[in-house]
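Here the sequence shown stands for residues -23 to -1, 1 to 478, numbered as in mature numbering (1 follows the signal peptide of the UniProt record, and there is no 0).
Notes to accompany the following structure.
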Amino acid sequence: QRITVRLTSCKLMVLQMFCYVSAALWCNCTTSLCQKSGFQCETDGACRASTFFSNGKQQHSRGCIPQENLEPPGKPIYCLGVEGYLYTQCCYTDYCNSIDLRVPTEIGGGYGPGGTWRLVELVAVIAGPLFLLCLLLLVGAFIYHYHRRGYNHRQRLEVEDPSCDHLYLAKDRSLEDLLCNLSTSGSGSGLPLFVQRTVARTIVLQEIIGKGRFGEVWRGRWRGGDVAVKIFSSREERSWFREAEIYQTIMLRHENILGFIAADNKDNGTWTQLWLVSDYHEYGSLFDYLNRYSVTTEETIKLALSAANGLAHLHMEILGTQGKPGIAHRDLKSKNILVKKNCTCAIADLGLAVRHDSATDTIDIAPNQRVGTNRYMAPEVLDETINTRHFESFKCADIYALGLVYWEIARRCNSGGIHQEYQLPYYDLVPSDPSIEEMRKVACDQKLRPNIPNWWQNYEALRIMGKIMRECWYANGAARLTALRIKKTLSQLSIQEDIKI
Ligand SMILES: *[C@@H]1O[C@H](CO)[C@@H](O)[C@H](O)[C@H]1NC(C)=O
């Protein structure tokens, strides 16, 4: 005897399990056998709802599945799909199979068009957000990078290639080796960036040798040789970048221009250390040198000629693919010229220099009207009448300053046992650290220039130096000598005086 307890009447939770198993279940039924019982059937198993296609139309079939057919338990085969039916579902409450089943689109799992769509969807769901995240990160990184160092990104886009590094920095290679074929091989713009970085990071700083508005200058050691390291404060990143950029102008290397070795920016987390590594010259600046020593006639000519030589190279435009643009220094003074061992000059501190683009006849940066050192500013710079759109005018201003440097040298020249004490130009006309206004009054309004003593006329070298100075100091910039002209004049003088350069 079958106990027929209606599932709905089972109120006690404890009995639910028992009720469930033993309950008779009423289901809708569509088979002809159920016609008598009013299209319903009673079962101890499950209600079944199925769909099938007949004549291209979806038909519904309902019925009962006896308990004994619900095998295996938990996943009865009958409920998964009876042969001939498209889709089957089992349920366990009265008339629960009254529903009209819809053929789900996913039939067939990974096969058919539905399956493919699911795969695409899956990929989109996973890859979409990932891609977006990456994009966001990239954009974020780019913006961060651009904001911090946008203008000098070129400097940092370097690829460290250890194999090349090794080639350049083999243990037995000294700095001279590294640099010597730079000036002879056409490249001329400096060491590859990764070598610069490696060199800079293996320098051991020794002692501070100078201080300036940009930061400090140190003597450092690298592989047994001395180097000069100019360390910029982080605020001066622009100056650092500009100077490194100028030094790496193609074909700039010249014996009378300070030899550039490396630029490096070390980010230690809190601040950026900006290094500019160059040749080290133990005599220091021409200013220091002249303060300490008087010079012979020969040394005077050598210093003057080499300075003109360096400036002429700086100013000169070399055409061609391995060419060099014309460069104006804009801060020429005895403190920015170094003295080499053989008593020749090396022009340094190119941080304020401007380059000429002859193709478009423009200057590579928007030049401030008045930069440099007040004392050495040409009259047209002081009164702001200089034509800043015209590159030649910056060269003429350099020549004026070169004339003042010559005056400083010539005063220290030992001729016939006499030499004068060291003085800065205009020492007798303006106070120390003169303002632009004070300089303008003297150089523009009163048209005064440093004094050229009459006795210089008695010595050929000093006579010619004096003549050159006057021609460097014309109020009209265009009337001044060119560096090349000065170089030729002094070359003749050196031959005349039998000086070996
Ligand atoms: C299922 O059976 C119930 C009870 O007899 C009835 O009311 C309902 O209309 C039936 N459903 C279908 C789809 O035949």
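Think of the CB as a built atom: it goes at the ideal place given N, C-alpha and C, for glycine as much as any other residue.
Please tell me whether, using a cut-off of 7 Å, the distance from the CB of residue i to the nearest non-hydrogen atom of ligand 1 is below it.
i     : result
GLN17 : yes
ASN5  : yes
SER38 : no
TYR72 : yes
SER75 : yes
Which residues in the same chain have their Cβ closer than 7 Å to the Cβ of residue i, if we skip the five residues on either side of it in sequence?
i      : result
TRP199 : LEU152, VAL176, THR179 and ILE180
ASP77  : HIS37
PRO430 : none
Quick one: what's got a C-beta closer than 6 Å to residue i's C-beta in the same chain, skipping five residues either side?
i      : result
ILE186 : VAL194 and ARG196
HIS290 : HIS231
ILE266 : A small correction: the amino acid at residue 266 is Tyr; Ile does not occupy that position in the sequence shown. The answer, listed in chain order, is TYR260 and VAL316.
GLU415 : VAL407
GLN132 : Because GLN132 carries a pLDDT of 40, less than 50, the predicted location of this residue cannot be relied on, and no value is offered for it.
ILE363 : GLU357 and SER370
HIS258 : LEU315 and LYS317
ARG462 : none
ILE441 : LEU470
MET293 : none
LEU144 : In this prediction, LEU144 scores a pLDDT of 49, lower than 50, which makes its location untrustworthy; the coordinate-derived value is nonetheless stated afterwards. The answer is none, since no qualifying residue turns up.
THR249 : SER211 and ASN242
CYS373 : GLY454 and ARG457
ALA325 : LEU235, ASN313 and LEU315
Between residue i and the rest of its own chain, which residues show a CB-CB distance below 8 Å, the 5 nearest in sequence each way excluded?
i           : result
residue 479 : For residue 479 there is no data in the structure shown, the boundaries of the chain being -23 and 478.
VAL236      : Checking the sequence shown, residue 236 turns out to be Gly, not Val. Around GLY236: LEU156, ARG230, SER255, ASP256 and ALA323.
GLU184      : TRP195 and ARG196
GLU398      : ARG388
SER14       : CYS6
THR226      : SER166, LYS301, PRO302, ILE304 and ARG332
ILE340      : VAL331, ARG332, HIS333, ASP334, THR365, ARG366, PHE368 and PHE371
residue 537 : Since the first residue of the chain shown is -23 and the last is 478, residue 537 is not available in this structure.
GLN66       : ARG25, ALA26, SER27, CYS56, ASN74 and LEU78
Using only CA atoms, which one of the options lies nearest to residue i?
i      : options                           : result
ASP360 : ILE386, SER409, LYS418 and TRP432 : LYS418
ARG389 : LYS464, ALA281 and ARG25          : ALA281
ALA336 : ILE295, HIS306 and SER311         : ILE295
GLN17  : PHE171, VAL254 and SER75          : SER75
ALA284 : ASP338, LEU263, TYR403 and GLY297 : LEU263
CYS421 : LEU182, HIS367 and TYR451         : TYR451
ASP71  : ARG447, MET228 and ASN5           : ASN5
LEU63  : ARG79, ARG307 and TYR69           : ARG79
LEU253 : ILE304, THR247, ASN319 and TYR224 : TYR224
CYS449 : GLN434, TRP248 and TYR383         : TYR383
THR321 : ASN233, ALA305 and LYS465         : ASN233
LEU251 : GLU222, SER211, THR226 and LEU2   : SER211
LYS477 : ILE42, LEU109 and ASN319          : ASN319
GLY394 : LYS372, CYS68, ASN435 and GLN12   : ASN435
GLY192 : LYS464, LEU182 and VAL206         : VAL206
LEU168 : ASP308, GLU222 and CYS373         : GLU222
ASN46  : GLY22, LEU327 and TYR69           : GLY22
LEU381 : ASP326, ASP410 and GLY443         : GLY443
THR298 : MET228, LYS34, ALA325 and LEU329  : MET228
GLU214 : ARG190, GLY201, VAL204 and LEU109 : ARG190
ARG307 : VAL100, LEU288 and LEU329         : LEU329
GLN12  : ALA1, ARG39 and GLY117            : ARG39
SER349 : PHE119, ALA104, LEU109 and LEU327 : With the sequence shown as reference, residue 349 is identified as Gly, and Ser is not the correct amino acid for it. GLY349 has its Cα closest to that of LEU327, out of PHE119, ALA104, LEU109 and LEU327.
THR8   : CYS41, LEU182, GLY51 and THR247   : CYS41
Against chain C, does residue i count as a neighbour if the rule is that its beta carbon must be under 8 Å from one of theirs?
i      : result
TRP195 : Considering every chain present, this structure includes no chain C. It has just one protein chain.
May I ask you to check if the CB of residue i is nearer than 7 Å to at least one heavy atom of ligand 3?
i     : result
SER27 : In the structure on display, ligand 3 does not appear, and the ligands it does have are ligand 1.
Contact the region 201 to 220 vs the region 271 to 283: 3+ CB pairs below 8 Å: no
Cβ pair count under 8 Å reaching 3, the region 371 to 384 against the region 352 to 362: Enough Cβ pairs lie closer than 8 Å, so yes.
3-residue-minimum beta strand (DSSP E) runs that sit fully inside the region 392 to 448, ordered along the chain: none
Segment contact, 8 Å Cβ cut-off, at least three pairs: the region 398 to 406 with the region 425 to 432: With the cut-off at 8 Å, the region 398 to 406 and the region 425 to 432 touch.
At least 3 beta-carbon pairs within less than 8 Å: the region 27 to 38 vs the region 49 to 57: no
In chain order, each beta strand (DSSP E) run of at least 3 residues that lies wholly inside the region 162 to 205: Within the region 162 to 205, the complete beta strand (DSSP E) runs of at least 3 residues are 181 to 188 and 192 to 199.
3 or more residues per run - each beta strand (DSSP E) lying fully within the region 218 to 286: Taking only runs of at least 3 residues, the beta strand (DSSP E) segments lying wholly in the region 218 to 286 are 237 to 244 and 249 to 256.
4-residue-minimum alpha helix (DSSP H) runs that sit fully inside the region 32 to 64, ordered along the chain: Qualifying alpha helix (DSSP H) stretches, in chain order: 54 to 57.
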